[in-house]
Amino acid sequence: MEMHTDVLLVTANVGSLFDNVGEIEGDWLREFFTTVHMYKPRFVALHFQEVGGKDYMMNMGHAENFFCSIESSSEMADFDRVCVYVDSHFKAVDSFTALGSMYFIHKSLKNIQQYDFNVNEFKAVSGHNKYVGSLEGVTSMEKEKFPKNFWPDYIAYSICCIILETQRNTFKWSRKGYMRTRWLIHNQGLDLVNVHLFHDASNLIACNSSPSVYSANRKKALRYVINRISESSYSPLPFFLFGDFNFRLDTLSLVQNLSMSAEIQKVKKDSSNEVEKIIYEEKDNDHKVLLHIETKLFAYLHQAVFRENNGKELLKYDKETSAFHDVITEEEIHFPPSYPYSEDYTKPTQYMNTRCPAWCDRILMSHSARDIIHRREEDENGVVYDTLGSNICMGDHKPVFLFFPMKTITH
Numbered sequence: 007m008e009m010h011t012d013v014l015l016v017t018a019n020v021g022s023l024f025d026n027v028g029e030i031e032g033d034w035l036r037e038f039f040t041t042v043h044m045y046k047p048r049f050v051a052l053h054f055q056e057v058g059g060k061d062y063m064m065n066m067g068h069a070e071n072f073f074c075s076i077e078s079s080s081e082m083a084d085f086d087r088v089c090v091y092v093d094s095h096f097k098a099v100d101s102f103t104a105l106g107s108m109y110f111i112h113k114s115l116k117n118i119q120q121y122d123f124n125v126n127e128f129k130a131v132s133g134h135n136k137y138v139g140s141l142e143g144v145t146s147m148e149k150e151k152f153p154k155n156f157w158p159d160y161i162a163y164s165i166c167c168i169i170l171e172t173q174r175n176t177f178k179w180s181r182k183g184y185m186r187t188r189w190l191i192h193n194q195g196l197d198l199v200n201v202h203l204f205h206d207a208s209n210l211i212a213c214n215s216s217p218s219v220y221s222a223n224r225k226k227a228l229r230y231v232i233n234r235i236s237e238s239s240y241s242p243l244p245f246f247l248f249g250d251f252n253f254r255l256d257t258l259s260l261v262q263n264l265s266m267s268a269e270i271q272k273v274k275k276d277s278s279n280e281v282e283k284i285i286y287e288e289k290d291n292d293h294k295v296l297l298h299i300e301t302k303l304f305a306y307l308h309q310a311v312f313r314e315n316n317g318k319e320l321l322k323y324d325k326e327t328s329a330f331h332d333v334i335t336e337e338e339i340h341f342p343p344s345y346p347y348s349e350d351y352t353k354p355t356q357y358m359n360t361r362c363p364a365w366c367d368r369i370l371m372s373h374s375a376r377d378i379i380h381r382r383e384e385d386e387n388g389v390v391y392d393t394l395g396s397n398i399c400m401g402d403h404k405p406v407f408l409f410f411p412m413k414t415i416t417h
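If you're matching positions, the sequence shown starts at 7 in the working numbering and goes up one per residue.
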């Protein structure tokens with residue numbers, strides 16, 4: 007007999023919560039708890055990226071308190087089984103990902119098991135299970151940092167080291183990778199994968215080509231994750247990939263469209279031929295600056311275009327998932343780009359002028375996972391794909407959630 011279990015998946019890059027300690031956290035938690043109360047899921051999965059923020063060595067203690075405040079909150083009291091995984095051991099530079107995953111099981115959900123990757127079998131879940139630190143030896147999850155040669159700056163760094171005959175031991179390695187858990191809910195198995203892919207280091211480089219070099223690097227890393235979780239050593243199951251994919255709009259094509267009637271000025275560094283800024287000025291209107299691009303500046307005069315109609319007109323530039331349509335899919339997007347929002351408490355809907363706004367934070371799924379989503383009648387609560395805190399400051403990333411009834415099987 008088919009049953010339905012209501013599931014809530016949430017992904018959140020929380021780096022700015024810890025870079026602005028105490029300023030955002032209270033509202034962030036209220037928005038999350040309000041969403042749980044509204045949809046009343048039986049199973050909740052929270053995936054975090056950039057735990058501890060940029061200054062993770064200073065902030066990791068606060069980050070661990072943040073996880074505790076969610077786990078021990080009265081709002082989550084009806085979830086009597088909890089599994090927490092926080093990769094906070096930053097001294098282990100070869101494996102540190104700054105990923106954190108939390109899973110909450112409601113007291114009414116009786117038939118649920120979690121996979122043990124060491125003995126290759128599902129086991130019953132009981133009580134609160136909390137793993138904080140290096141996570142080495144924890145058998146109920148798999149975690150991997152991306153290989154160094156996936157990081158584009160490392161390739162250039164290695165070439166320089168070869169030329170200069172120096173040691174490759176000072177490279178600051180990115181905190182990017184993935185973490186997987188596997189579940190069996192009423193005899194329906196599924197993998198939940200927390201992902202953090204590479205960002206665009208320079209706006210100038212990002213708009214040099216279409217697709218950008220950064221997009222190609224993310225494609226390689228995402229294909230790697232999909233291949234790893236589909237390996238034959240474990241029977242493949244429906245999977246949900248949710249995290250900060252750092253997907254960006256096709257910047258070159260977008261800029262060309264935004265600046266069709268503008269005059270272009272490229273400013274180069276005095277000592278080299280390297281472009282340090284690109285300025286697009288309107289041909290009339292007193293030559294007002296329409297768009298100004300630097301390495302970490304993307305200032306567009308008419309920023310409202312990214313919010314109007316939830317940015318729908320810009321979705322045609324959101325192309326990075328297209329290479330994976332053979333293996334993954336996604337619910338339709340009806341929310342504005344999730345990044346980079348202002349961290350100013352008084353400007354919760356305004357974007358910062360640091361990057362071109364984009365749908366970085368996503369919940370993707372295998373085609374088999376889409377098949378286990380139950381589509382209810384129109385007058386019932388159905389599938390909801392949206393952001394948390396659309397009118398509240400949640401940091402530079404708006405968390406993204408997917409609520410859905412999952413088809414499960416009882417014998």
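Using N, Cα and C, we set each Cβ at its ideal position, and we do this for glycine too. Being a predicted model, the structure only gives us computed values, none of them experimental.
Taking a contact to mean a Cβ-Cβ separation below 8 Å, would you say residue 140 touches residue 98 in this structure?
yes
Is it the case that the Cβ atoms of residue 395 and residue 20 are separated by a distance below 8 Å?
no
Alpha-carbon to alpha-carbon, residue 378 and residue 413
5 Å
Is the CB-CB distance between residue 312 and residue 41 below 8 Å?
no
Rounded distance between the beta-carbons of residue 64 and residue 96, thought under 8 Å:
Residue 96 to residue 64, Cβ: 10 Å. No contact.
Run the CB neighbour count on residue 266, radius 10 Å, all protein chains shown included, and call it buried at 16 or more, exposed below.
exposed
Hey, which unbroken runs of the beta strand (DSSP E) at 3 residues or more fall wholly within the segment 284-343?
295-300, 303-306
On the premise that residue 335 lies in contact with residue 373, defined as a C-beta separation below 8 Å, what is that separation, rounded to the nearest angstrom?
6 Å
Under DSSP, the alpha helix (DSSP H) around residue 65 begins and ends at which residues?
62-77
Quick one, are the C-beta atoms of residue 84 and residue 53 less than 8 Å apart?
no
CB-CB under 7 Å to residue 309, same chain, minus the five flanking residues each way: which ones, in chain order?
357
Beta-carbon spacing of residue 218, residue 257 below 8 Å
yes
Near residue 440, which residues of its chain fall below 6 Å by C-beta distance, leaving aside the five closest residues on each side in sequence?
What is shown of the chain runs 7 to 417, which leaves residue 440 out entirely.
Same chain, Cβ closer than 6 Å to residue 33, neighbours up to 5 away in sequence not counted:
398
Is there at least one non-hydrogen atom of the ligand GTP closer than 7 Å to the beta-carbon of residue 316?
The ligand GTP is not part of the structure shown, which contains no ligands of any sort.
Could you tell me the alpha carbon to alpha carbon distance between residue 12 and residue 89, rounded to whole angstroms?
18 Å
Does DSSP classify residue 43 as helix, strand or coil?
helix
May I ask which residues mark the beginning and end of the alpha helix (DSSP H) holding residue 373?
373-377
Per DSSP, what kind of secondary structure is residue 107 in: helix, strand or coil?
strand
For the candidate residues 130, 144, 292, whose alpha-carbon lies nearest to that of residue 189?
130
8 Å Cβ cutoff met for residue 233 and residue 204
no
Do residue 245 and residue 375 have their beta-carbon atoms positioned less than 8 Å apart in this structure?
yes
For a quick check, are the C-beta atoms of residue 300 and residue 318 less than 8 Å apart?
no
Which residue from 182, 337, 220 puts its Cα closest to that of residue 55?
182
Should residue 161 go down as buried or exposed, given a rule of 16 or more other Cβ atoms within 10 Å for buried?
Note on residue 161: pLDDT 47, under 50, position unreliable in the model; the coordinate value appears next. That one is exposed.
Test item: CB-CB of residue 142 and residue 123 under 8 Å:
no
How big is the Cα-Cα spacing for residue 164 and residue 87?
Caution applies to residue 164, whose pLDDT of 45 falls short of 50 and renders its modelled position unreliable; the model cannot decide the point.
Where residue 249 falls: helix, strand or coil (DSSP):
strand
Span separating the alpha-carbon of residue 293 from that of residue 262:
18 Å
How big is the Cα-Cα spacing for residue 118 and residue 81?
22 Å
Mapping DSSP to helix, strand and coil, what is residue 83?
coil
Could you give the C-beta distance for residue 138 and residue 92, rounded to a whole number, given that I count them as a contact under 8 Å?
4 Å
With distance defined between alpha-carbon atoms, name the residue in 151, 264, 359, 229 nearest to residue 180.
151
Put residue 18 into one of helix, strand or coil per three-state DSSP.
strand
Counted within 10 angstroms of its Cβ, other Cβ atoms place residue 58 as buried (16 or more) or exposed:
buried
Secondary structure, alpha helix (DSSP H): runs of 4+ residues fully inside the segment 186-255:
209-212, 219-235
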